[in-house]
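Undergrad: Each residue of the sequence shown is one higher than the last, beginning at 42 in this note's numbering. Cβ atoms here follow ideal geometry from the backbone N, Cα and C, with glycine treated the same way. These figures come from a predicted structure and were not determined experimentally. Shown below is the structure under consideration.
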Amino acid sequence: MIFRFYRAGSVPASLAVCTAACLGMLGLAGCVPAGRVPAAAIRLSETRQLMGVPWTITVHAASAAAGTSAIVAGFAEVARLEKILSDYDPDSELSRLSAMAPTAAAQPVSDDLWRVLERAVQIRDVTGGAFDPTVGPLTSLWRQARRSGRLPLAGKLAVARDAVGPETLRLVPEAREVVLGRPGMRLDLGGIGMGYAVDRTLEVLGRHGITAAMVDASGDIAVSAAPPGALGWKIAVAPLRPDGQRDEQDRVDPLLLCHAAVTTSGDAFQAVEISGRRYSHIVDPRTGLGVAGPAAVTVVAPDCTTADAIATAASVLGPEQSVAAIAATIGCAARFVWMEEGVLRHACTPRWPSQSPQTTD
Numbered sequence: 042m043i044f045r046f047y048r049a050g051s052v053p054a055s056l057a058v059c060t061a062a063c064l065g066m067l068g069l070a071g072c073v074p075a076g077r078v079p080a081a082a083i084r085l086s087e088t089r090q091l092m093g094v095p096w097t098i099t100v101h102a103a104s105a106a107a108g109t110s111a112i113v114a115g116f117a118e119v120a121r122l123e124k125i126l127s128d129y130d131p132d133s134e135l136s137r138l139s140a141m142a143p144t145a146a147a148q149p150v151s152d153d154l155w156r157v158l159e160r161a162v163q164i165r166d167v168t169g170g171a172f173d174p175t176v177g178p179l180t181s182l183w184r185q186a187r188r189s190g191r192l193p194l195a196g197k198l199a200v201a202r203d204a205v206g207p208e209t210l211r212l213v214p215e216a217r218e219v220v221l222g223r224p225g226m227r228l229d230l231g232g233i234g235m236g237y238a239v240d241r242t243l244e245v246l247g248r249h250g251i252t253a254a255m256v257d258a259s260g261d262i263a264v265s266a267a268p269p270g271a272l273g274w275k276i277a278v279a280p281l282r283p284d285g286q287r288d289e290q291d292r293v294d295p296l297l298l299c300h301a302a303v304t305t306s307g308d309a310f311q312a313v314e315i316s317g318r319r320y321s322h323i324v325d326p327r328t329g330l331g332v333a334g335p336a337a338v339t340v341v342a343p344d345c346t347t348a349d350a351i352a353t354a355a356s357v358l359g360p361e362q363s364v365a366a367i368a369a370t371i372g373c374a375a376r377f378v379w380m381e382e383g384v385l386r387h388a389c390t391p392r393w394p395s396q397s398p399q400t401t402d
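Shown next as structure tokens:
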């Protein structure tokens with residue numbers, strides 16, 4: 042299955058909402074034929090630990106020197122963005138902003154933080170709050186719960202829920218400023234910041250003359266033009282089982298992507314069992330509870346910022362609500378796998394091809 046995304050002006054109406062936003066923010070174009078990448082290009086790949094996970098940058102470059110220079114610049118961009126977007130680092134721009142809550146006046150933020158917050162609020166609105174950048178108080182409680190093996194106390198959960206929601210965060214577009222409206226609130230961009238960093242890193246590689254590249258932040262993946270002699274970048278869809286094995290119902294062909302992104306979200310690798318019940322690391326901002334599983338959703342989108350956030354929201358909404366919401370509003374493609382009464386089930390949005398190979402355009 043080959044996913045291609047569209048040049049401005051040629052986007053089908055069903056994709057207009059998602060693709061217009063993505064193209065406007067990141068300047069993504071249509072799929073570039075592999076022939077534009079020199080056939081003699083050298084393939085280079087390097088992995089480093091950043092943002093708490095392994096990042097791998099793979100490029101096809103005209104020379105080893107050009108490829109190495111681009112990769113170094115790409116990792117430098119990730120490190121720069123980590124100092125802006127991390128909610129683990131108390132000195133990051135995001136953490137320092139959260140520490141001001143409630144703000145007596147609107148606070149200016151960097152261009153990168155503004156872009157992520159603006160996109161996060163857009164996705165919050167189209168998912169009915171299943172994704173929310175103000176979820177920080179709840180994720181903090183559930184991190185403690187996973188460490189202690191005990192559920193959050195009802196009183197603490199209620200206090201945290203009161204500090205979460207659209208009324209707690211106001212963006213001032215004309216000044217690119219932010220108002221934090223409630224004591225105890227805390228911003229958490231964990232469901233979107235990684236994807237944004239992937240996109241920005243891919244842009245940096247492009248500015249260094251790399252037309253065929255893949256950036257993989259432990260499953261948050263974005264690619265540019267296809268490698269020499271290939272139709273696209275071949276990417277396997279992660280299985281539901283944490284041991285990496287696939288049940289027969291979980292078998293799916295690899296994706297072939299160019300100028301696109303893919304993210305898988307779910308609790309296969311990050312979950313905790315408390316009092317006999319399984320809770321995901323993903324928290325429902327509307328209820329304050331960890332999502333029950335096991336389940337996984339894979340989202341393909343024109344950019345990783347969108348794929349990351351939509352995958353998080355879809356994990357919260359569940360397959361039935363997500364399939365309808367993504368098909369009607371988001372314009373991305375998604376595949377869901379989940380356990381129901383001991384039976385492995387799966388569902389796909391209409392744009393997810395049922396057979397391989399085929400194209401979406």
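Starting from Val100, trace the beta strand (DSSP E) both ways and give me its first and last residue.
TA: That run of the beta strand (DSSP E) goes 94–102.
Undergrad: For Leu154, which residues from the same chain have a beta carbon less than 6 Å from its beta carbon, with the 5 sequence-adjacent residues on both sides left out?
TA: Cβ within range, chain order: Ile125, Glu134.
Undergrad: Can you give me the start and stop residues for the alpha helix (DSSP H) that Ser349 sits inside?
TA: In the sequence on display, residue 349 carries Asp and not Ser. Taken as a continuous stretch (DSSP letters only), the alpha helix (DSSP H) holding Asp349 covers 345–358.
Undergrad: Are the CB atoms of Ile262 and Val100 within a distance shorter than 8 Å?
TA: Their beta carbons are not under 8 Å apart, which means Val100 does not touch Ile262 by this criterion.
Undergrad: Where does Ile262 sit, in a helix, a strand or coil, going by DSSP?
TA: Looking at Ile262 - three-state DSSP - the assignment turns out to be strand.
Undergrad: Please classify Tyr129 as buried or exposed, where buried requires at least 16 neighbouring CB atoms within 10 angstroms.
TA: Result: exposed.
Undergrad: Rounding to the nearest angstrom, what Cα-Cα distance links Asp203 and Ala355 in this structure?
TA: Rounded to whole angstroms, Asp203 to Ala355 spans 23 Å at the Cα level.
Undergrad: Among Gly177, Ala375, Val113, which one has its Cα closest to the Cα of Gly206?
TA: Nearest option by C-alpha distance: Gly177.
Undergrad: Considering only DSSP beta bridges, list what Asp257 is partnered with.
TA: The partner list for Asp257 (beta bridge, DSSP) reads Thr97, Ile262.
Undergrad: So, does the segment 145–152 touch the segment 206–224, judging by three or more C-beta pairs under 8 Å?
TA: Output reads yes: the segment 206–224 touches the segment 145–152.
Undergrad: Here's the rule I'm using: 16 or more other beta-carbon atoms within 10 Å means buried, otherwise exposed. How should Met141 be labelled?
TA: Its Cβ having fewer than 16 others within 10 Å, Met141 is exposed.
Undergrad: If you pair each beta-carbon of the segment 165–177 with each one of the segment 235–253, do three or more pairs fall below 8 Å?
TA: Counting Cβ pairs under 8 Å, fewer than three are found: no touch.
Undergrad: Run through DSSP, which three-state label would Trp393 get?
TA: Three-state DSSP puts Trp393 in coil, outside helix and strand.
Undergrad: For Leu91, does the three-state DSSP call read helix, strand or coil?
TA: Three-state result, Leu91: strand.
Undergrad: Along the alpha helix (DSSP H) that carries Phe116, what are the first and last residues, could you check?
TA: Unbroken alpha helix (DSSP H) run through Phe116: 105–126.
Undergrad: Is Leu69 helix, strand or coil by DSSP?
TA: Confidence is the limiting factor: at Leu69 the pLDDT is only 34, short of 50, which leaves the residue's position unreliable, though a coordinate-based value still follows. Three-state DSSP puts Leu69 in coil, outside helix and strand.
Undergrad: My output table needs one value for Thr305: the three-state DSSP class, helix, strand or coil.
TA: Strand, per DSSP.
Undergrad: Can you look up Asp229 in the DSSP assignment and give me helix, strand or coil?
TA: Here Asp229 sits in coil by DSSP.
Undergrad: Can you look up Pro193 in the DSSP assignment and give me helix, strand or coil?
TA: Note: Pro193 maps to coil in three-state DSSP.
Undergrad: Using a Cβ-Cβ cutoff of less than 6 Å, which residues in the same chain neighbour Arg327 once the five nearest sequence positions on both sides are dropped?
TA: Around Arg327: Gly170.
Undergrad: Please name the residue, chosen from Ile323, Ala253, Ala301, Ala279, that lies closest to Ile83 on a Cα-to-Cα basis.
TA: When each option's Cα is compared against that of Ile83, the closest is Ala253.
Undergrad: Mapping DSSP to helix, strand and coil, what is Gly331?
TA: Strand at Gly331.
Undergrad: Tell me the DSSP secondary structure of Arg84 in three-state form.
TA: Note: Arg84 maps to strand in three-state DSSP.
Undergrad: Short check: CB of Thr390 to CB of Ala375, under 8 Å?
TA: Taking 8 Å as the Cβ cut-off, Thr390 and Ala375 qualify as a contacting pair.
Undergrad: Do Val364 and Ala337 count as a contact pair if the criterion is CB distance below 8 Å?
TA: Against a cut-off of 8 Å, the Cβ pair of Val364 and Ala337 comes out as no contact.
Undergrad: Which of the three DSSP states, helix, strand or coil, is assigned to Pro143?
TA: Here Pro143 sits in coil by DSSP.
Undergrad: Nearest to Ala279 by alpha carbon, out of Val340, Asp325, Ala266?
TA: The candidate whose alpha carbon is nearest that of Ala279 is Val340.
Undergrad: Alpha carbon to alpha carbon, how far is Ser139 from Val384? Give it in angstroms, no decimals.
TA: Rounded to whole angstroms, Val384 to Ser139 spans 42 Å at the Cα level.
Undergrad: Can you name the start and end residues of the alpha helix (DSSP H) that Glu382 belongs to?
TA: Careful: Glu382 lies outside any alpha helix (DSSP H) and carries neither H nor E.
Undergrad: Figure out for me which residue from Leu230, Ala102, Val293 has the closest Cα to the Cα of Thr346.
TA: With distances taken between Cα atoms, Thr346 lies closest to Leu230.
Undergrad: In angstroms, rounded to a whole number, what distance separates the CA positions of Gly247 and Arg392?
TA: Spanning the two alpha carbons is a distance of roughly 28 Å.
Undergrad: What number of angstroms, rounded off, separates the C-alpha of Arg318 from the C-alpha of Ala186?
TA: In a straight line, the C-alpha of Arg318 is about 13 Å away from that of Ala186.
Undergrad: Relative to the alpha-carbon of Val245, which residue among Ser86, Phe377, Val119, Trp379 has its alpha-carbon at the smallest distance?
TA: Minimum Cα distance to Val245 is reached at Val119.
Undergrad: Taking just the CA atoms, how far does Ala195 sit from Gly331?
TA: Gly331 and Ala195: Cα-Cα distance of roughly 14 Å.
Undergrad: Does Val94 pass the burial test, meaning 16 or more other C-beta atoms within 10 Å, or should it be called exposed?
TA: By the neighbour-count rule (16 or more Cβ atoms within 10 Å), Val94 is not buried but exposed.
Undergrad: Could you check how far apart the C-beta atoms of Asp349 and Gly232 are, in whole angstroms? I think they sit under 8 Å.
TA: Right, the Cβ-Cβ distance comes to about 6 Å (below 8 Å), so this counts as a contact.
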